[in-house]
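Asker:
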Amino acid sequence: MRIDPDVCIACEACVPYCPVEAIKMDDEKGVAVINQDECVDCCVCLNSKVCPVDCIIFEPQPWPRSLRVTFSNPRTGHKETRIAGRGTEEMKTNDVTGRFKRGWIGLGLEFGRPGIGTRFRDLEKMAMALAKLGVHFEPQNPVTFLMVDTKTGKLKDEVLNEKVLSAIIECAFPIEKLKDVLNTMKKVAKEIDTVFSVDCICKADPDGSYPVKKILAEAGITPYVNGKQNVGLGRPKAKEE
Amino acid sequence: MATQLNGSTGKVLRVDLTSSKIWDDALDEATIRRFLGGTGLGVKYMTDLVDPKTNWSDPKNIFFIGSGPLGGLRIPGCASVSVVTKGAQTNGLTSTQSNGNLGAHLKWCGYDAIVVSGASPTWKYLYLHDGGVELRDATRFVGKDTWRTEEAIKEELGYKERTMSVFSIGPAGENLVKFAGIFGDRGHAAAHNGVGAVLGAKKLKAFAVARGTKKVPVVNQELINELGRQTTEVAKTFGGGNVYTWGTSRVVPGAETAGWLPVKNYLTNVFPEKDLFDGARLRSLFKSTNYPCYACSSHHYELMAITEGKNAGFAGKEPEYEQWASMGPQIQVKDPADVLVIANLVDQMGMETNETGWVIGWVMECYEKGALTKKDLDGLEMTWGNVSAVMELIKNIAHRRGYGNVLAEGVKYAAEKLGGEAVKWAVFTGKGGSPRGHDHRGRWVEMLDTCISDTGTLQTQMLINNKEIWDMPAPFDIFNPDQVALAEANSTGSMTISDCLVQCWFCAFNDTKLQTEAINAATGLNMTIDEVKKVGRRIINIMRLYNLKCGLTPNKEVPSFRYCSTPVDGPNKDKGIRPHWENMVNKYYQLMGWDRSTGMPLPETIKALGIEDIAKKFK
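Sequences listed follow chains A and B, in order. Just so you know, we're using the working numbering here: the first sequence kicks off at 1 and counts up by one. Just so you know, we're using the working numbering here: the second sequence kicks off at 1001 and counts up by one.
1) Just list the alpha helix (DSSP H) runs in the segment 1345 to 1412 of chain B, keeping only unbroken ones of 4 residues or longer that don't cross its boundaries, in chain order.
2) Is the Cβ-Cβ distance between lysine 1533/B and threonine 1566/B less than 8 Å?
3) Let's see if you can read the secondary structure: which residues bound the alpha helix (DSSP H) around leucine 1284/B?
4) Closer than 8 Å by C-beta to tryptophan 1358/B: which residues in its own chain qualify, once you throw out the five before and the five after it? Chain order, please.
5) So which residues of chain A does cysteine 966/B contact, with C-beta pairs closer than 8 Å?
6) With 16 as the cutoff for other CB atoms within 10 Å, does tyrosine 1125/B come out buried or exposed?
7) What does methionine 53/A touch in chain B if you count any residue whose Cβ is under 7 Å from its own?
8) Do alanine 1180/B and methionine 1046/B have their beta-carbon atoms positioned less than 8 Å apart in this structure?
9) Give the range of the alpha helix (DSSP H) segment to which glutamine 1483/B is assigned.
10) Can you pull the DSSP bridge partners for tyrosine 1125/B?
11) Using beta carbons (cut-off 8 Å, strictly below), is lysine 1215/B in contact with chain A?
12) Would you kindly work out how many angstroms separate the C-alpha atoms of phenylalanine 58/A and valine 1116/B, rounded to a whole number?
13) Between which residues of its own chain and alanine 1414/B is the CB-CB distance below 6 Å, once the five residues before and five after are set aside?
14) Kindly list, in the order they appear in chain A, the residues whose Cβ is closer than 7 Å to that of glutamine 1590/B.
15) Determine whether the beta carbon atoms of threonine 1139/B and glycine 1170/B lie at a separation below 8 Å.
16) Would the segment 1541 to 1554 of chain B count as touching the segment 1438 to 1450 of chain B if we require 3 or more Cβ pairs under 8 Å?
17) Strictly under 8 Å for the Cβ-Cβ distance: is cysteine 1078/B near chain A by that measure?
18) Counting only runs of 3+ residues fully inside the segment 1015 to 1074 of chain B, write out the beta strand (DSSP E) ranges in chain order.
19) Would you identify the three-state DSSP class for lysine 1317/B, choosing helix, strand or coil?
20) Going along the chain, which residues of its own chain have a beta-carbon closer than 8 Å to the beta-carbon of isoleucine 1497/B, five neighbours each way excluded?
21) Please state the DSSP three-state secondary structure of leucine 155/A.
22) Check the Cβ of proline 1262/B against every Cβ in chain A and list those closer than 7 Å, keeping chain order.
23) Quick check on the DSSP output: the alpha helix (DSSP H) that includes isoleucine 1606/B runs from which residue to which?
24) Who are the neighbours of cysteine 1293/B on chain A, taking C-beta pairs under 8 Å?
25) Show which residues of chain B have a CB atom less than 7 Å away from the CB atom of aspartate 6/A.
26) Tell me whether tryptophan 1260/B sits in a helix, a strand or coil according to DSSP, three-state version.
27) State yes or no: is the C-beta of arginine 119/A within less than 8 Å of the C-beta of aspartate 26/A?
28) Return the first residue and the last residue of the beta strand (DSSP E) that serine 1095/B is part of.
29) Check whether chain B comes within 8 Å of glutamate 59/A, counting only Cβ atoms and requiring the distance to be less than that.
30) If you draw a straight line from the alpha carbon of lysine 79/A to that of alanine 131/A, how long is it in whole angstroms?
31) May I ask you to list, following chain order, the residues of the segment 26 to 41 of chain A that have a beta carbon less than 7 Å from some beta carbon of chain B?
32) I need the straight-line Cα distance from isoleucine 1022/B to valine 1012/B, nearest angstrom please.
33) Quick check on this structure: which residue in Cys51/A, Asp41/A, Cys55/A and Gly103/A has the alpha carbon closest to the alpha carbon of serine 66/A?
34) Spatial neighbours of aspartate 4/A within its chain, please: CB distance less than 7 Å, with the 5 preceding and 5 following residues excluded, ordered by chain position.
35) Give the list of continuous beta strand (DSSP E) stretches no shorter than 3 residues that lie fully inside the segment 56 to 116 of chain A.
36) Just to confirm my understanding: we take serine 1120/B, look at its own chain, exclude 5 residues before and 5 after, and list those with CB closer than 6 Å. What are they?
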C-alpha cells in the first residue's frame, strides 16, 4: 500500500485503521506515510473507504512481496490453493476430510494477529524445529508451498523477510510425539518476534473423552475445547473407521 | 533577502498587474508579532499602500490574499485564506475568508500571501508553483463560471484533483457586480463586500496555486501535532459536534425554532418546511461525498449530487447553512433539490449568497406589492419561490443584463433608486453591507455587530471555546440591550484572531488559548494570551481608523428599516430592537473606547493598542 503525497490532506483518518500500525504522520512531508517494511498489504485502510480524498493506493507487487496481500487480505486467493486470506483449509472439518486418523494429531500453528503480524522467518524457525521431530506438513497449506524441502521445513530464502498479517503452519504426527512437539513449540516461542496460537486436533474417543487432554495438562497448557461435528451437510469424503 | 522565520515563510509575493512586475517582500518578526498574518497582514498592507480616498475599482487599490503563521501546518482549519482589500459594497477596507486549501498551498510554495496591485490591460491569471510564478493569459476563460474556470485552468496546466487550488471570479466578478466574490477548491468562497469585483476591475481572473513541497519551519513540531489533535477535539465536541458531523445545514430547523431563520425577506418567522432542510436528511436524500480541507477530519464540507427527480444528474457542492437559508426560506423556495441547484448557480456565477438572497427577496416583495412589474423585470415573473425566474434573474445580475444591472449594485442601491415605500422593504446596513443568512431580529448581538463591523458583515462571534478568556457575560439574555452591547464589545477581536491566523471558525471556535499555544509552537514568539487578544483588537481599531477616512460616519452604522423591524410572528414576536438601538450602540462605543460623535477610537484606546503611528497617519 502507499499514500499519494500529492493528494493526502493529513486528516489522519486512516491512521487507526492499520492493523499493524504502519501508517504514521510524516512531519517533514506533512502527510500520512506508510512504512513499506511494516505494511502487510492487507488493504484494510483502502477497503474501509476511510480516506476522504481516495489517496490510498494498492498496486499488485512482484514476488516475493506479492505474498503479503495473499496472506493478509482476506479478499485475495492463493494461486496454489485457491483459498483466500491467510490460507488454510479448515482443519476443524476433519470429520469430512478425515485427514487425521485415530491416534494422530493435527496441529495448526496460527502465527501473527492484527496488531502484530508475522514474518516468514519466524514461521521458518518453528517449521524447521518441528521438522526435526518428523512431522508431516500439510501439502495443501500455503506455507508448505513456500518450503524448499518439507523434510527440513526450510522456507525459500527470498520470502523470509516478508511480513504478513497471519499465516498458519499445519502438520500431522502420531499422538506419541505430542509431548515433544509441545516442548519444541515452547522453546521456539522464546526465539520469535510474534505470537501464535495452537490448534490441536484429534478424534474424540467413543466415550466422549479426548486423548490429548492429559498430555496438554502435563505440559501446563489449558485448552479451550471446541467440538465439531458434521451434521449431515454432506457425505464425508473419508470413509468412517 | 528574507530572514529565516518560524511559522512564516518570511515572504509575500507582490504582483503589479499594470507593469507585469513580480517581486518578493520580506516579512520580519516584528510585523508578525504586531499583525500575526492573514487579515492583520492584509490590513497592514492596505494602510501602507492604499490611500483611503482610493476608489475600490481604482488600480491603486490592492487585493491581498494570504495565509497566517499556522497556515499549512497540521492544525485543522489552517489551510484557509483571508482576502483584504477595499470592498465594492462599502468602498471601505474589508476582509473576508475562505476555507479550502489555498492557504496551505501558498505556504508550501514559499509565500505567506500574495498582494496584487495595478490593473492589467488584458485578462490574466496568476500561476504559482514550487518552481516559480507567472502571469498567464486568461482570455479564453472569460465568461466561464467559477467551477468551469477551476477545471479549465487545472487542465491547461496539467494538475489533477487536489494538487492545485484555483480561486477565480465568475461572470459576476468580471462584470463588477458589487457583491461578487472569489470561489475555489470546488465551491469554497471568500465573497463578502464585493472582493470579486475588485479582481474584475484588475482583470485578474484567477489565482492558481499548486501544492508546493516546501516545509513551513516551526519551533516545536511535536507540540504543533498535539495542538492539532486538541483542536480536532474542540471541533468534535463544541456545540455537540453538529458541524463536525453534519456541516452547517443541520442548523436550519433549529434556526426557525429560535426565530432567526430568514423567511420571506423578514415578512414572517414561520417556515413550516424547515424539517425538509435538516442536514442529516439532506445528506441521505442526496449523494454526499466528504470533501475536507487539509489537516481536517470534519465532515463540514461535502460535494452533493442529485440522483432522482427533476434535477437528477446535477452535481455540485453541499450548500452551507447560509446558502440553504438565503436561497430557500428567504425567497420561499421550498424544495431542497431546487435550493441545491440555485445555490450552486450563485457560486458559479460568482456572487455572495446572502446579498443575492436579500436582493431577490426584495424583488419578490416589490413584485407582490406592485412596486416592480413583469415589464420592469425583463419579463420575469418574480413570484415567491419561482425557481426558473430566480435562475434567470441570477444570470441577469451576474451579466448585468436589463434590470439585473441595477440589482448588481446591491439591494441598498436598488431600493434607494426605486425609492418610495420599497426602500423600507430592503435588508441592508447603512454602510451598504449585507447581513449574513440570519434573521438578526432574533440575534441582536449579530445585528449590532453587522452594523458596526468594519468588514461589511459579521466580524465577531459570541460562540467561543474557552469563553472566559473574553469575559463573556454568563448567563446571558440575548434580548437584554446592555448585555448584548457587553457581549459584543467583549468578544470583539476574537474572530479577528482566527482571521489573522486564517483558521476556520469551525475548528478552534476562536479558542484564543489554544490558538496562542499554536502561535508560540509555530513561531517561537512566546506571546501571551493578552498580547494575542490585543492583536485582534488592534486590527479592528486600525480598520476603523482607515474606514473613517474612507467616509465612514457613525450614522451609517445602522440597520435598514426592515432589518431592524419587529417580528410579527414566531418566537420573537413583538421583540423589537429599534427602541434599544441608540442605547446599545452608545454602550458599545463606550466599552470599545470610541468617540460617539466621530466614531474615532479615543487617544487612550489608540495608546493601549500601540497604534499611534497609524492613528497619526489617518488623523
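A virtual CB, placed ideally from N, CA and C, is assigned to each residue, including glycine. Values in this document were obtained by computation on a predicted structure and should not be read as measured data.
Answerer: Quick answer:
1) Listed in chain order, they are 1353 to 1368, 1387 to 1398 and 1404 to 1407.
2) Contact flag unset, no.
3) Here residue 1284/B is serine; the residue named in the question, leucine, does not match the sequence. Start and end: 1279 to 1285.
4) Cβ contact annotation for tryptophan 1358/B (same chain, cutoff 8 Å, sequence separation greater than five): Asn1265, Ser1326, Gln1330, Val1411, Ala1426, Val1427, Phe1428, Ser1434 and Pro1435, in chain order.
5) Outside the shown range of chain B (1001 to 1619) lies residue 966/B, about which nothing can therefore be said.
6) buried
7) The residue asked about is misnamed: residue 53/A is valine in this sequence, not methionine. Correct list: Arg1162.
8) Contact: no.
9) Element bounds for glutamine 1483/B: 1481 to 1491.
10) Assignment of beta-bridge partners to tyrosine 1125/B by DSSP yields Arg1136/B and Ala1206/B.
11) At least one chain A Cβ lies under 8 Å of lysine 1215/B.
12) 43 Å
13) Around alanine 1414/B, the same chain offers Val1406 and Leu1407 as residues with beta carbons nearer than 6 Å, after the five sequence neighbours per side are excluded.
14) The contacting residues do not exist; glutamine 1590/B stays about 45 Å from chain A at best.
15) Their beta carbons are not under 8 Å apart, which means threonine 1139/B does not touch glycine 1170/B by this criterion.
16) Contact fails: fewer than three Cβ-Cβ distances are below 8 Å.
17) No, no contact with chain A.
18) 1021 to 1026 and 1063 to 1066
19) strand
20) Leu1036, Asn1510, Thr1512, Gln1515, Val1532, Lys1533, Val1535 and Gly1536
21) strand
22) Under the 7 Å cutoff, chain A gives no residues; its nearest Cβ is about 31 Å from proline 1262/B.
23) 1603 to 1609
24) Counting only Cβ-Cβ distances below 8 Å, cysteine 1293/B has contacts in chain A at Ile9, in chain order.
25) Thr1163 and Arg1211
26) coil
27) no
28) 1093 to 1098
29) no
30) 25 Å
31) Asp27, Glu28 and Gly30
32) Taking the straight line from one Cα to the other gives about 11 Å.
33) Asp41/A
34) Cys55 and Ile57
35) Secondary structure within the segment 56 to 116 of chain A: the beta strand (DSSP E) runs of 3 or more consecutive residues, fully enclosed, are 104 to 111 (chain order).
36) Leu1017 and Lys1203
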